[in-house]
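Protein chains in written order, with the numbering used here: chain A, 1 to 188; chain B, 1 to 188; chain C, 1 to 188; chain D, 1 to 188; chain E, 1 to 188; chain F, 1 to 188.
We put the CB at the ideal spot given by N, CA and C, even for glycine.
What follows is a set of notes on a single structure, which appears directly below.
Number of protein chains: 6
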Amino acid sequence: MTDTVSRFGVVEPEELPDDLRVRIGEIAEKSGFVPNIFRALGHRPDELRAFLDYHDALMNRAEGLSKAERELVVVATSGANHCTYCVVAHGAILRIRAKDGELADRVSSNPWQAELDDRQRAIVDLALTLAQDSAKFGEQQLAAARAAGLTDDEIWDVGAITALFAMSNRLAHLTALRPNAEFYTMGR
Amino acid sequence: MTDTVSRFGVVEPEELPDDLRVRIGEIAEKSGFVPNIFRALGHRPDELRAFLDYHDALMNRAEGLSKAERELVVVATSGANHCTYCVVAHGAILRIRAKDGELADRVSSNPWQAELDDRQRAIVDLALTLAQDSAKFGEQQLAAARAAGLTDDEIWDVGAITALFAMSNRLAHLTALRPNAEFYTMGR
Amino acid sequence: MTDTVSRFGVVEPEELPDDLRVRIGEIAEKSGFVPNIFRALGHRPDELRAFLDYHDALMNRAEGLSKAERELVVVATSGANHCTYCVVAHGAILRIRAKDGELADRVSSNPWQAELDDRQRAIVDLALTLAQDSAKFGEQQLAAARAAGLTDDEIWDVGAITALFAMSNRLAHLTALRPNAEFYTMGR
Amino acid sequence: MTDTVSRFGVVEPEELPDDLRVRIGEIAEKSGFVPNIFRALGHRPDELRAFLDYHDALMNRAEGLSKAERELVVVATSGANHCTYCVVAHGAILRIRAKDGELADRVSSNPWQAELDDRQRAIVDLALTLAQDSAKFGEQQLAAARAAGLTDDEIWDVGAITALFAMSNRLAHLTALRPNAEFYTMGR
Amino acid sequence: MTDTVSRFGVVEPEELPDDLRVRIGEIAEKSGFVPNIFRALGHRPDELRAFLDYHDALMNRAEGLSKAERELVVVATSGANHCTYCVVAHGAILRIRAKDGELADRVSSNPWQAELDDRQRAIVDLALTLAQDSAKFGEQQLAAARAAGLTDDEIWDVGAITALFAMSNRLAHLTALRPNAEFYTMGR
Amino acid sequence: MTDTVSRFGVVEPEELPDDLRVRIGEIAEKSGFVPNIFRALGHRPDELRAFLDYHDALMNRAEGLSKAERELVVVATSGANHCTYCVVAHGAILRIRAKDGELADRVSSNPWQAELDDRQRAIVDLALTLAQDSAKFGEQQLAAARAAGLTDDEIWDVGAITALFAMSNRLAHLTALRPNAEFYTMGR
């Protein structure tokens, strides 16, 4: 048992290229700490930059899903994928975004049956099929989502966030990424 | 979306037969609240009594595994079984027993790869095979547990607790059992 | 290849505490032999006592499912769980309870497609989902059971018996429990 | 619930082309009844003839595996495939060939952990991987079989019988084939 | 890395019994080469003969499914079974039979969601359930096939071809059968 | 059956923001056509830009894995994920990069058993575990990769490419992305 953040070591923000140093610095200022994912990806600055860009394009988008709904997709699929870092870190963000201290634990422990309203359930069901059974994703899932009132723009949001965290979860599994201690209690 | 504790309704302690009323009363006094599992099982007093007896025989046993190790088995297998009630309730107990605010979330979100010491890892691996792939449980698992220093008495503890919570998890899934609000923050 | 009843040894009825000795004695008298599960659990009398209590509360209950239906749940889920002891022992009991020499073998070999009447099929389908895919058990399964005429009391019976044998199957897998020779031919 | 032998109807031996009528007649004389698989395949005589030829080439072969070992492969893989007809019919034949009243039920209910001698275990393990996880079948399985003393000719026997019953099991599932009543008690 | 056609060696057509030598010779003349499956099965002439008979009875049958539809069943189930030989060899034949250079690659890479017309989709769905989840194959699948207009004779064709290639795929996995180079580009 | 490239429509390069128009233009000039993935992602330019950046950071990286090895990771994991677009498009690129007309079809149809040299096999095995069973990815996989001579920098490459295509495969499943006709025959 070691006490490392990542199997492949970390790079601190001040060692990063200027644009990333500034960018991670702003996140750290807002959060009060540097989320470990950025320290773990830091030794490949081009990958970290693309990761941040993709993340921001989807998670900070003004139209489509609400911010809480975006985090709901992340927590549900990360729970299904058993990704500790994303469950703990995005669980914290979901608690804050949804102003609900229990939702994240309920969704991450059992995304298939967590009690949700109809729109949330449709979002989570769509995400789970694409996350776990993507070869069978098809018109049936789209029809169910549309029947619950999701627009095609919202469906794309759900699908693309699910896809992004299929990647992100696997990066966390690759690195055995440890969640920052702060995430465990944020928003409770 | 309803706000019920159990799909099948609950029975409050004061409605229970005397022996159960006293027994649940003692638990409530110690915990500060009545864990919902007892309210949900209450309308079948004979089943609730046998459940409590089985639980106490295994979870309060003086020999064999430590109390923290017993909860580790519960949290690991309940995480693998996606049982929200047991993850949240026994996660709280594990935090207290192990005096560790992070262990429960790490083990429940990914029991297969959570960083543990060798004895803990052997306990969890044994439990996971029996919980999830019990038809293939055999000499290979026993040999690995013994190689990690577990005695046959300890192996029985791990196996029997895993079996008990295979039942308990399914009772929680049957009733869509809601964790008490108190459990989410206990021991953090 | 050894010829043992249980990996962890057995305790004969006469070595048990008085209450258990009497209780197992009555079963032995009725059956003509001591079912091996009791000899295997005997070295932990408190667990054996709770096991018997839970078993009797569910399998001997006067209301709800018929006795044959209770055994149908056991054989179907034990077949799906590949539990040799429970398939062979409860297969024998099902043959007797249902007065049908073929039903048990058909249900244990393929519980999903064994030809059953509508009520039996609803019972078995409910049990199989909870036994094998419990994280996804929800309103859809309950609605199907109710549509087939099952009351909530009967649904609890199906669910609780399934849960009890999720435990029992795993105890048999833990101990590599050997069925008594008598069970193979009883009721044929 | 109907009481049919096959979803697609049956053809009685006397309705078959001469060569098949004679051939099935000999089987019926030897067994005392016409196994239902032949009645179910009868309306496609060319397929029935090829089925019989393939079956005889593998199950009556003089060299290689013993007859009991051939039936062991059939019962183990048919159990894993949940094929009621093959479990019941070939379970009967295995009881007779192995002169063992319990082996078939133990192997069909849990082929992965049924207690077997080392050679039988190697045969069954090889068969199960090819039956259930054939895309991952490779040098590792062959090495384990050879280490247990199987020759390449015997390995081919195990593999080819497994393959034949991958077909046969699916024909039984396609037709919902009902085992003849005689099979349930033969050899007990 | 070796460069063999089969793990168990091959037999050339001229070494085969006369009837098989002639029969394989005719195939070779028509194809321009001897498909490796026949060379791999050649050292067991009785099995090869039964294999050819079964294959011809189903793949050359005049009534029922069209020849392209028969190959569609083969390519879909072999893709789901990850059988390289059958995907490459029958992919070539499907390209020719369906006069479509893309269909085989689309169906073998993702048989569940490849864009097909309604009749083709019904054929493939029926085949996939029987190939991969045969214990759960039942009236639901038959009803869906009939709703799409398939006759019972056509359903038998789909089922029997699926069953035959459940065998054939496993023989290819057993032998690590290498596709002939010619198949990769035929019909593109 | 429609004949669309993506369920969500496409954006042609000339409709894209200048930087993307130039960038896609260069790809089109080099390939002779615009790969459909870029047309499908085009209506979300920020996501397309991040996708291209991430792709280039990993697939055009000078150090670490060779270009053929990078495509091997893509084809193996896309085959396991049943992603038609990535199998067909990156299969074409792998044929070109590896100068081998058969490798892509063999790897995509059965990545677990395709015959590869030891280094290739270690790369593919690492990738498959992370792609399909990421919750169980751990020290065992890393040790096997290191034993085959992979450096940690190469292991990161394998893991990060696997993660990127876990995303990319899901985007293709989300959009039902059709491969360009050109890819089917390139490099054969």
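Option in the options with minimal Cα separation from residue i
i: Thr129 (chain E); options: D:Asp125, D:Gln141, D:Arg170 and D:Tyr85; result: D:Arg170
i: Ser134 (chain C); options: B:Leu65, B:Thr77 and B:Thr4; result: B:Thr77
i: Arg70 (chain B); options: B:Val10, B:His82 and B:Ala122; result: B:Ala122
i: Gly159 (chain A); options: F:Val158, F:Asp153, F:Ile161 and F:His173; result: F:His173
i: Cys83 (chain B); options: A:Ala98, A:Arg106 and A:Arg61; result: A:Arg106
i: Leu126 (chain E); options: E:Val73, E:Val88 and E:Ile96; result: E:Val73
i: Tyr85 (chain F); options: F:Arg188, F:Tyr54 and F:Glu182; result: F:Glu182
i: Gln132 (chain F); options: F:Ala166, F:Leu16 and F:Ile96; result: F:Ala166
i: Val11 (chain F); options: F:Ile24, F:Gly42 and F:Gly25; result: F:Gly42
i: Ser108 (chain B); options: B:Gly25, B:Ile24 and B:Gly79; result: B:Gly79
Inter-residue spacing [alpha-carbon to alpha-carbon] between residue i and residue j
i: Leu20 (chain F); j: Ile37 (chain A); result: 28 Å
i: Pro45 (chain E); j: Ser168 (chain E); result: 16 Å
i: Val5 (chain D); j: Tyr184 (chain B); result: 56 Å
i: Asp118 (chain B); j: Ala148 (chain B); result: 7 Å
i: Leu52 (chain D); j: Leu164 (chain F); result: 51 Å
i: Met1 (chain F); j: Arg7 (chain F); result: Note on Met1 (chain F): pLDDT 38, under 50, position unreliable in the model; the coordinate value appears next. Approximately 12 Å, taken between the alpha carbons.
i: Pro13 (chain E); j: Val34 (chain E); result: 8 Å
i: Gly9 (chain A); j: Ala40 (chain A); result: 7 Å
i: Ile161 (chain D); j: Asn110 (chain C); result: 21 Å
i: Asp198 (chain F); j: Ser31 (chain F); result: The requested residue 198 (chain F) does not occur in the structure, where chain F is confined to residues 1 to 188.
i: Glu102 (chain F); j: Ile155 (chain E); result: 34 Å
i: Glu29 (chain D); j: Val87 (chain C); result: 33 Å
i: Ala98 (chain A); j: Ala68 (chain A); result: 5 Å
i: Gly91 (chain E); j: Val22 (chain E); result: 26 Å
i: Leu94 (chain D); j: Arg146 (chain C); result: 42 Å
i: Trp112 (chain A); j: Val75 (chain A); result: 12 Å
i: Pro17 (chain B); j: Phe137 (chain B); result: 40 Å
i: Gly64 (chain E); j: Ala57 (chain E); result: 12 Å
i: His55 (chain E); j: Ala50 (chain D); result: 9 Å
i: Ala104 (chain E); j: Glu115 (chain E); result: 12 Å
i: Val124 (chain A); j: Met186 (chain A); result: 23 Å
i: Thr151 (chain C); j: Ser66 (chain E); result: 50 Å
i: Asn60 (chain B); j: Glu15 (chain C); result: 24 Å
i: Asp157 (chain C); j: Leu48 (chain B); result: 14 Å
i: Asp100 (chain B); j: Arg188 (chain B); result: 8 Å
i: Gln120 (chain C); j: Asn81 (chain D); result: 23 Å
i: Ala62 (chain D); j: Ala89 (chain F); result: 51 Å
i: Ile24 (chain B); j: Ile96 (chain A); result: 35 Å
i: Glu26 (chain D); j: Ile27 (chain C); result: 48 Å
What residues in the stretch 127-152 of chain D have a beta carbon less than 8 Å from any beta carbon of chain F? Within the stretch 127-152 of chain D, the residues whose Cβ lies closer than 8 Å to some Cβ of chain F are Ala135, Lys136, Phe137 and Gly138, listed in chain order.
Output needed in chain order: residues of the stretch 95-127 of chain E with a Cβ under 8 Å from some Cβ in chain A. Taking 8 Å as the upper bound on Cβ-Cβ separation, chain A lies near residues Asn110, Trp112 and Gln113 of the stretch 95-127 of chain E.
Any chance the stretch 171-182 of chain B sits against the stretch 136-143 of chain B, with 3 or more Cβ pairs inside 8 Å? Because the criterion of three Cβ pairs below 8 Å is not met, the stretch 171-182 of chain B and the stretch 136-143 of chain B do not touch.
Determine which residues of the stretch 37-48 of chain B have a Cβ less than 8 Å from any Cβ of chain C, and write them out in chain order. Under the 8 Å Cβ criterion, the stretch 37-48 of chain B contributes Arg44, Asp46 and Glu47.
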